[in-house]
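Student:
In the numbering used here, the protein residues as written are 151 to 569.
1) Can you find the residues in the same chain that come closer than 6 angstroms, C-beta to C-beta, to residue 399, ignoring five residues on each side of it along the sequence?
2) Could you tell me which of 358, 563, 185 sits nearest to residue 330, measuring between CA atoms?
3) Helix, strand or coil: which one does DSSP assign to residue 151?
4) Kindly give me the distance between the Cβ atoms of residue 285 and residue 332, rounded to whole angstroms, as I take these residues to be in contact under 8 angstroms.
5) Is it true that the CB of residue 527 sits closer than 7 angstroms to the CB of residue 503?
6) Does the CB of residue 318 have a neighbour CB from chain D at under 7 angstroms?
7) Taking a contact to mean a Cβ-Cβ separation below 7 angstroms, would you say residue 236 touches residue 559 in this structure?
8) Classify residue 302: buried if its beta carbon has 16 or more other beta carbons within 10 angstroms, exposed otherwise.
9) Could you check whether the segment 515–531 touches the segment 275–283, counting it as contact only if at least three pairs of C-beta atoms, one from each stretch, sit closer than 8 angstroms?
10) Could you give the distance in angstroms between the alpha-carbon of residue 552 and the alpha-carbon of residue 353?
11) Give the range of the alpha helix (DSSP H) segment to which residue 432 is assigned.
12) Around the Cβ of residue 356, are there at least 16 other Cβ atoms within 10 angstroms (buried) or fewer (exposed)?
13) How is the alpha helix (DSSP H) around residue 419 delimited, first residue to last?
14) Shortest alpha-carbon distance to residue 533 belongs to which of 367, 518, 562?
15) From which residue to which residue does the beta strand (DSSP E) around residue 509 run?
16) Suppose the cutoff is 7 angstroms on Cβ atoms and the five residues either side in sequence are ignored; what does the same chain contact list for residue 169 look like?
17) Return the chain-ordered list of same chain residues with a C-beta closer than 7 angstroms to the C-beta of residue 151, the five sequence neighbours on each side being excluded.
18) Within a Cβ cutoff of 7 angstroms, which residues of the same chain sit near residue 538, ignoring the five residues on either side of it in sequence?
19) What residue from 473, 320, 189 has the CA that sits closest to residue 453's CA?
20) Using the beta-carbon count (16 or more within 10 Å), is residue 403 buried or exposed?
21) Pick helix, strand or coil for residue 560, following the three-state DSSP scheme.
22) Just tell me which of 470, 206, 456 has its CA closest to the CA of residue 477.
23) Could you tell me whether the segment 308–328 touches the segment 239–246, using the rule of 3 or more Cβ pairs below 8 angstroms?
24) Tell me the DSSP secondary structure of residue 263 in three-state form.
25) Which term fits residue 215, buried or exposed, when burial requires 16 or more other beta carbons within 10 angstroms of its beta carbon?
26) Out of curiosity, what's the CA-to-CA distance linking residue 231 and residue 238?
27) Entirely within the segment 457–510 and at least 4 residues each: give me those alpha helix (DSSP H) ranges in chain order.
28) Which residue comes first and which comes last in the alpha helix (DSSP H) that contains residue 538?
29) Relative to the alpha-carbon of residue 530, which residue among 514, 501, 348 has its alpha-carbon at the smallest distance?
30) Hey, how far is the Cα of residue 165 from the Cα of residue 326?
31) Which residues in the same chain have their Cβ closer than 8 angstroms to the Cβ of residue 154, if we skip the five residues on either side of it in sequence?
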């Protein structure tokens with residue numbers, strides 16, 4: 151027996167005194183941190199504990215007794231049933247303040263940086279209608295929607311507040327009862343292209359009419375193009391990018407432009423600088439760096455994305471060297487002295503949500519590039535990698551949070567490190 155006394159399950163009043171990087175408020179009950187979704191710092195609330203762990207607990211919100219001045223009525227009628235947008239109860243400006251706070255706290259507590267140089271989270275576009283991609287699921291009646299938070303239960307949704315019009319149009323054209331168990335919709339802002347990727351359910355599948363590209367996802371995860379080319383194009387910062395309809399591309403076009411602008415600002419004078427773009431994708435950051443005068447090596451382990459980066463460079467008449475290999479493999483060869491890999495002056499690091507990780511960071515440190523520009527989609531992962539970089543002699547010069555995903559707790563950060 152541990153002797154641990156469980157928290158009471160009766161309703162409790164408490165004051166929200168913290169905010170997590172996952173978008174939940176934090177109250178203290180008998181000294182334990184309790185996470186409460188839908189709350190804001192400074193509020194007095196009534197809650198009920200629903201999950202009690204050794205070091206933390208989670209509670210459901212029953213009532214807001216004293217509301218924060220930042221609290222607003224959620225503009226979406228599906229709140230709080232839908233688990234997609236978890237900050238609609240906060241005004242957009244307050245959402246950005248919370249994200250700034252989270253970045254500072256994570257870099258301080260997890261990253262070990264005292265007084266981290268974090269600027270205020272920057273607005274990059276409208277708070278609604280910005281998202282160009284969404285993954286919907288079908289409920290047992292075939293109605294499309296999103297998962298309820300923390301469950302696999304589907305909440306049927308006709309119109310998503312943050313989805314852009316081209317993507318919403320695809321959702322409308324596919325409609326409910328198509329026989330798909332999953333639907334991915336995409337719609338580009340600048341070029342007017344759109345696509346639907348359907349994963350068939352156990353019954354008959356009704357393929358929708360329309361001018362958008364249509365793809366079917368196979369049981370092994372591959373896709374078959376049924377209509378169109380299976381490739382979309384988008385314009386970002388004066389450059390045109392083509393990418394497979396089922397491949398990764400930034401879900402917010404205005405946000406993609408903000409990333410490009412802030413990365414170029416962090417790099418500074420790129421003229422002639424040998425720059426490695428690690429996890430380069432289809433070249434979103436590589437091409438603007440080349441255009442700015444840098445000599446760029448784009449490293450991307452996903453073969454289709456790497457091939458798209460090569461085609462995009464050629465289509466935009468830019469000279470780009472692309473290596474379709476895992477980042478860790480290329481770094482390992484470089485550290486071992488591969489003569490085909492000249493040491494970079496600048497590294498742009500845009501890893502997946504899990505972060506670069508100890509192996510990649512250690513090899514990067516061994517190469518000792520003077521400047522590292524880290525593009526993070528998860529602030530906790532950034533903080534973990536920051537700790538390793540600063541322990542090896544790098545200094546965090548600036549961290550710029552960007553509000554690429556309004557109405558949600560997610561925040562993108564462009565962080566600059568120098569030796």
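Every residue gets a Cβ at the ideal spot worked out from N, C-alpha and C, and that includes glycine.
Tutor: Answer, in terms of the structure:
1) A distance below 6 angstroms between beta-carbons, with the five flanking residues on each side excluded, links residue 399 to the following residues of its chain, in chain order: 393.
2) Nearest C-alpha to residue 330: 358.
3) Note that residue 151 scores 41 on pLDDT, short of 50, meaning its location in the model is unreliable; the coordinates nonetheless yield the value given after this. Collapsing the DSSP output to three states places residue 151 in coil.
4) Correct: roughly 7 angstroms between the Cβ atoms.
5) Annotated as proximal: residue 503 and residue 527, with beta-carbon spacing under 7 angstroms.
6) No chain D appears in the structure shown, which is made up of a single protein chain.
7) Taking the C-beta atoms as reference points, residue 559 is found nearer than 7 angstroms to residue 236.
8) Within a 10 Å sphere around the beta-carbon of residue 302 sit fewer than 16 other beta-carbons, which makes this residue exposed.
9) Contact between the segment 515–531 and the segment 275–283 is absent: fewer than 3 CB-CB pairs across the two stretches fall below 8 angstroms.
10) Between residue 552 and residue 353, the C-alpha separation is close to 43 angstroms.
11) From DSSP, residue 432 is part of no alpha helix (DSSP H); its letter is neither H nor E.
12) Exposed is the label assigned to residue 356, since fewer than 16 other Cβ atoms lie within 10 Å of its Cβ.
13) Per DSSP, residue 419 is not a residue of any alpha helix (DSSP H), being assigned neither H nor E.
14) Checked all of 367, 518, 562; the closest Cα to residue 533 is 562.
15) Not the beta strand (DSSP E): residue 509 falls in the alpha helix (DSSP H), residues 507–517.
16) Closer than 7 angstroms at Cβ, skipping near neighbours: 175, 176, 191, 248, 251, 252.
17) Note that residue 151 scores a pLDDT of 41, beneath 50, so its modelled location is shaky; the value from the coordinates is reported in the next line. Excluding sequence neighbours, residue 151 sits near nothing in its chain.
18) Once the five neighbours on either side are set aside, the close Cβ partners of residue 538 are 508, 511.
19) Of 473, 320, 189, the smallest CA-CA separation from residue 453 is found for 473.
20) By the 16-neighbour rule on beta-carbons within 10 angstroms, residue 403 is buried.
21) In the structure shown, residue 560 falls within a coil segment according to DSSP collapsed to helix, strand and coil.
22) Residue 477 has its Cα closest to that of 456, out of 470, 206, 456.
23) By the Cβ rule, the segment 308–328 does not count as touching the segment 239–246, because fewer than three pairs are nearer than 8 angstroms.
24) In the structure shown, residue 263 sits in coil (DSSP, three-state: anything other than H, G, I, E or B).
25) With fewer than 16 Cβ atoms within 10 Å of its Cβ, residue 215 is classed as exposed.
26) In a straight line, the C-alpha of residue 231 is about 12 angstroms away from that of residue 238.
27) Runs found: 477–485.
28) Boundaries of the alpha helix (DSSP H) harbouring residue 538: 529–541, taken from the DSSP string.
29) The shortest C-alpha separation from residue 530 is found at 501.
30) Whole-angstrom Cα-Cα distance: 43 angstroms.
31) Sequence-distant partners of residue 154 (beyond 5 residues in either direction) whose C-beta falls short of 8 angstroms from its own C-beta, in its chain, are 204.
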